[in-house]
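This report refers to the structure that appears directly beneath it.
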Amino acid sequence: LAKTTQPISMDSYEGQEVNITCSHNNIATNDYITWYQQFPSQGPRFIIQGYKTKVTNEVASLFIPADRKSSTLSLPRVSLSDTAVYYCLVAPLSNDYKLSFGAGTTVTVRA
Amino acid sequence: DAGVTQSPTHLIKTRGQQVTLRCSPKSGHDTVSWYQQALGQGPQFIFQYYEEEERQRGNFPDRFSGHQFPNYSSELNVNALLLGDSALYLCASSEGQGRDYGYTFGSGTRLTVV
Chain H
87 LAKTTQPISM DSYEGQEVNI TCSHNNIATN DYITWYQQFP SQGPRFIIQG
137 YKTKVTNEVA SLFIPADRKS STLSLPRVSL SDTAVYYCLV APLSNDYKLS
187 FGAGTTVTVR A
Chain R
129 DAGVTQSPTH LIKTRGQQVT LRCSPKSGHD TVSWYQQALG QGPQFIFQYY
179 EEEERQRGNF PDRFSGHQFP NYSSELNVNA LLLGDSALYL CASSEGQGRD
229 YGYTFGSGTR LTVV
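Each protein sequence line maps, in turn, to chains H and R.
Going by this note's numbering, the first residue of the first sequence is number 87, and it counts up by one from there.
Going by this note's numbering, the first residue of the second sequence is number 129, and it counts up by one from there.
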C-alpha cells in the first residue's frame, strides 16, 4: 500500500491558482494517482486521475513527474465554492483493492 | 441519471442496538463499497461487495456485516453499537472490472450512537 503525504491545510484567495502536492515515494508500477474532493456532510467526489505526465479536465490539472514519486493537483482560479478537503490516493485501478483515504488537505478559499 | 442513493440520511441509535443502512448504486455500477468516516478524518474502507459476495474487507470487527442484492443494492449492518461507531457511513459504487472514472459516492448516513 503506497502511503501518501500531503499538507494538512492551505489557504488561498478567490481567483488564485491552488497547487496541492502529494508525496508517494513508494508508488508501485501499476498504481494510479487519484484525487477526490469532499465538502462537509457529503461523500467524496472524483476530480481527476492519472498515471504519468499531465492530465487536464474541466475542473483541474494533475502533474506527475517522470519518477512518479509525487504529484501536484492544480486548481485554476479558485472560488469560495472550492473550499473543501482534497484527498490524494495511490492505488491500482483494479476494483479488488482496499482503498482508504488519508486525512487530506483542507483548502480554504477566502474572498 | 441518479447517482448513489443512501438511506436514511440521519439516524440516532442507543448503545447495544443494531442498525441497517441502505445503498443503491449508480446506474450501470455493480460493485458497492462501504466506508466509515469519523469526524475530521478521511473515509476508512469497511468492505466491498461484488456479485453478491464480500470481495474485500478492511480492519473492522465482525459486528460490521453486509449484503448485496441481485439488483446490486447493498446493506450495511452493525450489531452491538458502540459510541465509537458514531460516524458518517458512505457507500461508493463502481464498475466491476475497475474504476477508470473513480468511485461514485453517496452523501452518506450520519449515525449517532448515544
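Note that the Cβ used here is the ideal one computed from N, Cα and C, for glycine as well.
Extent of the continuous beta strand (DSSP E) run through T139/H = Numbered from 1 along the first sequence, position 53 holds the residue referred to as residue 139/H. T139/H -> beta strand (DSSP E) spans 139-142.
Host beta strand (DSSP E) of V241/R (start-end) | Position 113 of the second sequence, counted from the start, is the residue given in the question as residue 241/R. Where V241/R is concerned, the enclosing beta strand (DSSP E) stretches over 237-241.
Is the Cβ of S235/R closer than 9 Å to any Cβ of chain H?
-> Taking the second sequence and counting its residues from 1, one reaches residue 235/R at position 107. It does: the Cβ of S235/R has a partner Cβ on chain H nearer than 9 Å.
Contact list for L218/R against chain H, beta-carbon separation under 8 Å = Within the second sequence, the letter at position 90 stands for residue 218/R. Result: G129, P130.
In terms of residue numbering, what span does the beta strand (DSSP E) encompassing T133/R cover?
-> Working through the second sequence from its first residue, we reach residue 133/R at position 5. 133-135 is the extent of the beta strand (DSSP E) around T133/R.
Could you pull out every residue in the same chain whose Cβ sits closer than 6 Å to the Cβ of R163/H, ignoring the five residues on either side in sequence?
-> Translated into the one-based positions of the first sequence, residue 163/H becomes position 77. For R163/H, where only same-chain residues beyond five positions count, the Cβ hits under 6 Å are G101.
For L149/R, which of helix, strand or coil comes out of DSSP?
-> Looking up residue 149/R in the second sequence gives position 21. In this structure, L149/R counts as strand in the three-state DSSP scheme.
To the nearest angstrom, report how far apart T237/R and S161/R are at their CA atoms.
-> As a working mapping, residue 237/R is identified with position 109 in the second sequence. As a working mapping, residue 161/R is identified with position 33 in the second sequence. Cα to Cα, the separation comes out at about 14 Å.
Which same chain residues, not among the five before or five after Q135/H, have their C-beta less than 8 Å away from its C-beta?
-> Here the question's residue 135/H lines up with position 49 in the first sequence. So the list reads Y118, I119, T120, W121, V141, L148, once near-sequence residues are dropped.
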